[in-house]
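Report on the structure given below.
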Amino acid sequence: MDGNGRWAEQRQLPRIFGHRQGVETVRAVVKECRALGIPHLTLYAFSSENWGRPAAEVAALMELLGLFLAQELETLITEDIRLRVIGNTALLPPEVLQVLQRTIERTAENSQLVLTLALSYGSRDEILRAVKGLAAEVQGGELAASDIDERRFSASLDTAGLPDPDLLIRTSGEMRISNFLLWQLAYAELYFTDVLWPDFSADELRRALDDFAARQRRFGLTSAQSASDS
Ligand code: FPP
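So for the sequence shown, the numbering used here puts the first residue at 25; every next one is plus one.
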């Protein structure tokens with residue numbers, strides 16, 4: 025969800041106005057995913073590197089997040105949307121953690137859309153935490169190193185139980201992965217748009233989905249093989 029700062033700067037507004045408008049886009053995109061029957065949506069809301077931003081911007085983002093969660097709870101419940109989180113959430117302010125945990129618990133049985141927020145998330149950090157967990161199990165004699173395969177490793181990541189993404193959308197013209205789901209994106213289709221996140225919309229989402237639908241996914245096979253598979 026890139027480009028909030030630039031959206032605000034283009035209007036000579038403080039950066040937080042861009043984040044605020046970005047929350048409106050979050051609402052629109054969640055709504056559209058729900059309407060289209062998309063079962064999973066993961067939003068990169070705050071990276072482990074974002075802690076290094078000016079303290080006032082970090083505080084404003086945390087406040088926005090807490091407000092969003094408090095305001096959206098009823099909608100998540102009525103729309104049958106389950107909230108999940110990935111990332112090193114222990115670093116979040118206690119009041120955000122509290123509303124986050126409450127929202128996760130209250131929506132745990134919902135099933136139409138799984139909305140995953142990446143908060144204090146960095147893929148390398150996630151991978152290292154998974155590796156340390158597995159190493160501790162090996163050390164404790166509960167796991168044989170030879171039993172660590174892709175399935176076992178995936179199950180040790182924060183995204184355990186979530187399918188790998190089919191499509192990654194990055195807004196604002198940047199063409200980087202920026203430490204996001206590095207393991208999980210192995211076969212994802214990548215979609216980059218110049219549109220800044222606050223200007224992204226249900227229409228823009230459908231444009232990205234149409235682009236995705238026209239692609240041929242081969243998963244390392246030849247085009248003839250993958251055509252006969254589908
Ligand atoms: C990147 O734009 C965006 C962020 C670091 C924050 C994204 C957060 C939100 C959209 C609001 C909170 C999220 C939820 C789920 C309620 P940038 O600030 O790096 O923009 P720039 O590259 O133009 O400076």
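Positions of the beta carbon are idealized from the N, C-alpha and C atoms, including for glycine.
Contact test: residue i Cβ vs ligand 1 heavy atom, cutoff 7 Å
i	result
residue 159	no
residue 43	yes
residue 203	no
residue 69	yes
residue 86	no
residue 219	no
residue 76	no
residue 223	no
residue 196	yes
residue 30	yes
residue 111	no
residue 199	no
residue 257	With the chain covering 25 to 254 only, the question about residue 257 has no answer from this structure.
residue 27	yes
residue 92	yes
residue 165	no
residue 141	yes
Collapsed DSSP secondary structure at residue i in the structure displayed
i	result
residue 71	strand
residue 109	strand
residue 224	coil
residue 60	helix
residue 103	coil
residue 41	helix
residue 24	Absent from the model: residue 24. The displayed extent of the chain is 25 to 254, so no value can be given.
residue 127	helix
residue 49	helix
residue 209	coil
residue 121	helix
residue 65	strand
C-alpha gap between residue i and residue j, whole angstroms
i	j	result
residue 129	residue 251	42 Å
residue 102	residue 249	43 Å
residue 44	residue 85	9 Å
residue 109	residue 68	10 Å
residue 35	residue 158	49 Å
residue 50	residue 28	12 Å
residue 237	residue 225	18 Å
residue 214	residue 154	25 Å
residue 257	residue 168	For residue 257 there is no data in the structure shown, the boundaries of the chain being 25 and 254.
residue 151	residue 140	18 Å
Classification of residue i by the beta-carbon crowding that lies within 10 angstroms, buried from 16 upward
i	result
residue 76	exposed
residue 165	exposed
residue 98	exposed
residue 208	buried
residue 247	exposed
residue 204	buried
residue 72	buried
residue 145	buried
residue 243	exposed
residue 189	buried
Closer than 7 Å: residue i CB and nearest ligand 2 heavy atom
i	result
residue 148	In terms of ligand content, the structure shown lacks ligand 2 and carries ligand 1 instead.
request  = Any chance you could list the beta strand (DSSP E) runs of at least 3 consecutive residues sitting entirely within the region 135-205, in chain order?
outcome  = 137-145 and 191-194
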